[in-house]
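K.L.:
Here it is, the structure in full.
Number of protein chains: 2
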Amino acid sequence: MKNIITISREFGSGGRSIGKQVAEKLGYAFYDRELVDEVAKRSGFAPEYIEEHGEYANARNSLLFYLATAERYSHDNLSMHDQLYITQSKIIEELAEKGKCVIVGRCADYILRDRKDCLHVFICSDMASRARRIVERYGQTQKAPEKRLAEKDQKRKVYYKNYTGRVWGQAQNYDICLNSGALGVDTCTDMIVQLCK
Amino acid sequence: MKNIITISREFGSGGRSIGKQVAEKLGYAFYDRELVDEVAKRSGFAPEYIEEHGEYANARNSLLFYLATAERYSHDNLSMHDQLYITQSKIIEELAEKGKCVIVGRCADYILRDRKDCLHVFICSDMASRARRIVERYGQTQKAPEKRLAEKDQKRKVYYKNYTGRVWGQAQNYDICLNSGALGVDTCTDMIVQLCK
Numbered sequence: 001m002k003n004i005i006t007i008s009r010e011f012g013s014g015g016r017s018i019g020k021q022v023a024e025k026l027g028y029a030f031y032d033r034e035l036v037d038e039v040a041k042r043s044g045f046a047p048e049y050i051e052e053h054g055e056y057a058n059a060r061n062s063l064l065f066y067l068a069t070a071e072r073y074s075h076d077n078l079s080m081h082d083q084l085y086i087t088q089s090k091i092i093e094e095l096a097e098k099g100k101c102v103i104v105g106r107c108a109d110y111i112l113r114d115r116k117d118c119l120h121v122f123i124c125s126d127m128a129s130r131a132r133r134i135v136e137r138y139g140q141t142q143k144a145p146e147k148r149l150a151e152k153d154q155k156r157k158v159y160y161k162n163y164t165g166r167v168w169g170q171a172q173n174y175d176i177c178l179n180s181g182a183l184g185v186d187t188c189t190d191m192i193v194q195l196c197k
Numbered sequence: 001m002k003n004i005i006t007i008s009r010e011f012g013s014g015g016r017s018i019g020k021q022v023a024e025k026l027g028y029a030f031y032d033r034e035l036v037d038e039v040a041k042r043s044g045f046a047p048e049y050i051e052e053h054g055e056y057a058n059a060r061n062s063l064l065f066y067l068a069t070a071e072r073y074s075h076d077n078l079s080m081h082d083q084l085y086i087t088q089s090k091i092i093e094e095l096a097e098k099g100k101c102v103i104v105g106r107c108a109d110y111i112l113r114d115r116k117d118c119l120h121v122f123i124c125s126d127m128a129s130r131a132r133r134i135v136e137r138y139g140q141t142q143k144a145p146e147k148r149l150a151e152k153d154q155k156r157k158v159y160y161k162n163y164t165g166r167v168w169g170q171a172q173n174y175d176i177c178l179n180s181g182a183l184g185v186d187t188c189t190d191m192i193v194q195l196c197k
């Protein structure tokens with residue numbers, strides 16, 4: 001029985017919408033924004049800070065980021081980023097204990113890797129579909145959508161690697177990976193729902 | 001309409017069996033061993049040579065392999081490996097033209113990437129299930145099954161990177177990736193069949 005569904009997703013892939021649809025169809029709780037609010041309440045961090053640093057690495061340059069990370073561990077005090085990660089992890093574990101739910105992003109696949117009642121999903125899509133989607137949802141900016149996406153991808157990748165030691169989007173880390181551009185958002189939803197029934 | 005299904009798979013994941021089941025259920029042709037025989041007939045290479053070099057890189061050390069590759073292109077003559085890859089690619093393109101089929105391995109996902117009627121599948125599994133499977137199928141050897149698998153993975157990865165420029169097993173390269181250890185071989189078959197109907 002799959003009580004917990006974790007959805008990892010590329011920005012602009014529709015992963016969040018798929019997660020929401022799945023939760024509605026199965027009658028599961030849905031944690032995305034709700035998770036950010038809970039972390040905010042418990043940690044004292046502002047929701048905007050959590051949105052920005054709760055699943056994105058800080059620096060574009062991963063080498064610099066790794067050096068900073070390595071140095072950090074030589075200190076007794078945890079960095080703010082690590083404190084945020086730890087609070088977030090605890091809340092994710094508690095939510096999973098509470099009962100059936102869909103959790104979007106935030107390394108939940110890794111944090112809950114030892115539970116047997118999870119379905120770990122990764123949603124990706126081709127660049128053109130993602131670019132169209134973010135322009136529809138968030139509007140145009142001066143920066144080309146492809147460039148915005150490439151930056152987001154890089155930051156998520158580094159964040160994920162840093163906290164999990166894994167490669168983001170590598171099929172072996174998930175139970176199922178779906179390309180929403182090729183299959184369509186609704187088909188992705190249906191396949192996940194079916195696996196949980 | 002998905003006329004062509006390409007199955008990329010980790011060794012020991014059951015990907016070949018899934019491909020065969022899918023082909024039977026859909027009434028599609030199934031190319032795995034048949035493909036090797038056709039390549040043998042046309043190229044003059046022995047089937048054993050094709051099995052060994054048609055999707056595995058030669059060297060364990062990828063740096064050495066890359067250096068060898070880089071040097072190779074400065075010569076006018078193609079290496080035997082490249083000749084094999086080219087013959088194999090042509091045959092895969094021809095098979096796809098012939099009609100509905102399932103093609104296992106051999107970079108078919110990359111070779112047929114521009115066709116719109118393909119479903120590109122990746123099958124993976126956890127190490128314990130894969131180890132169990134290869135011992136059941138091919139028996140014990142002096143080398144631990146985990147070590148045999150790690151070597152195979154590395155060789156396929158390097159081969160795939162060399163000929164496609166892509167990362168093997170990266171979700172974004174496929175339409176759907178399924179973990180047969182978590183979902184079960186039969187569920188994987190059913191999901192693929194359903195997507196093609």
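If you read the protein sequences in the order shown, they are chains A and B. Read the first sequence against full-length UniProt numbering and you will find it ends at 197, with the numbers running on by one and no gaps. Read the second sequence against full-length UniProt numbering and you will find it ends at 197, with the numbers running on by one and no gaps. Beta carbons are placed, not taken as given, at the ideal position from N, Cα and C, and that holds for glycine.
Looking at chain A, is there any beta carbon in it that lies within less than 9 Å of the beta carbon of E55 of chain B?
P.N.:
Not one chain A Cβ lies under 9 Å of E55 of chain B.
K.L.:
Check the DSSP bridge columns for A29 of chain A and list the partner residues they point to.
P.N.:
Note: A29 of chain A sits in a beta bridge opposite A:C101.
K.L.:
Taking only the alpha-carbon atoms, compute the straight-line gap between S43 of chain B and L95 of chain B and give it to the nearest angstrom.
P.N.:
S43 of chain B and L95 of chain B: Cα-Cα distance of roughly 16 Å.
K.L.:
Measure the CB-CB distance between I103 of chain B and L149 of chain B and report whether it falls below 9 Å.
P.N.:
The answer is no: Cβ separation not under 9 Å.
K.L.:
For T87 of chain A, is the beta carbon positioned less than 8 Å from some heavy atom of the ligand ZN?
P.N.:
By its list of ligands, the structure shown contains no ligand whatsoever, and the ligand ZN lies outside what it can speak to.
K.L.:
What is the DSSP secondary structure of C124 of chain A, counted as helix, strand or coil?
P.N.:
Correct three-state label for C124 of chain A: strand.
K.L.:
Note down the Cα distance separating G184 of chain B from W168 of chain B, rounded to an integer number of angstroms.
P.N.:
Answer to the nearest angstrom: the Cα atoms are 22 Å apart.
K.L.:
Answer yes or no: does any C-beta atom of chain B fall closer than 9 Å to that of N179 of chain A?
P.N.:
Output row for N179 of chain A: interface = yes.
K.L.:
In chain A, which residues lie with their C-beta within 9 Å of the C-beta of M191 of chain B?
P.N.:
Chain A residues near M191 of chain B: I176, M191, Q194 and L195.
K.L.:
With 16 other CB atoms within 10 Å as the buried threshold, where does S74 of chain B fall?
P.N.:
Its pLDDT being 44, under 50, S74 of chain B is placed unreliably by the model, and nothing is read from it.
K.L.:
Count the other CB atoms within 10 Å of the CB of residue 215 of chain A; is the residue buried (16 or more) or exposed (fewer)?
P.N.:
Residue 215 of chain A is absent from the model: chain A starts at 1 and stops at 197.
K.L.:
Between A:N173, A:G181 and A:Q172, which has its C-alpha nearest D175 of chain B's C-alpha?
P.N.:
Answer by Cα proximity: A:G181.
K.L.:
Grouping DSSP H, G and I as helix and E and B as strand, with all else coil, what is C118 of chain A?
P.N.:
Three-state result, C118 of chain A: strand.
K.L.:
Across which residues does DSSP place C177 of chain A in a beta bridge pair?
P.N.:
Note: C177 of chain A sits in a beta bridge opposite A:F122 and B:C177.
K.L.:
Expressed to the nearest angstrom, what Euclidean distance is found between the alpha-carbon atoms of E24 of chain B and I5 of chain B?
P.N.:
Approximately 13 Å, taken between the alpha carbons.
K.L.:
Find the nearest neighbour of L26 of chain A within the set A:A40, A:K100, A:Q154 and A:Y138, judged by alpha-carbon distance.
P.N.:
Ranking the options by Cα distance to L26 of chain A, first place goes to A:K100.
K.L.:
Can you pull the chain D residues whose beta carbon is under 8 Å from the beta carbon of L183 of chain B, in chain order?
P.N.:
Structure shown: chain D not included; protein chains present are A and B.
K.L.:
Applying a beta-carbon distance threshold of less than 8 Å, which residues of chain A neighbour A171 of chain B?
P.N.:
The contacting residues are F122, C124, G169, Q170, A171, Y174, C177 and N179.
K.L.:
With H, G and I counted as helix, E and B as strand and the rest as coil, what does DSSP make of R9 of chain A?
P.N.:
Note: R9 of chain A maps to strand in three-state DSSP.
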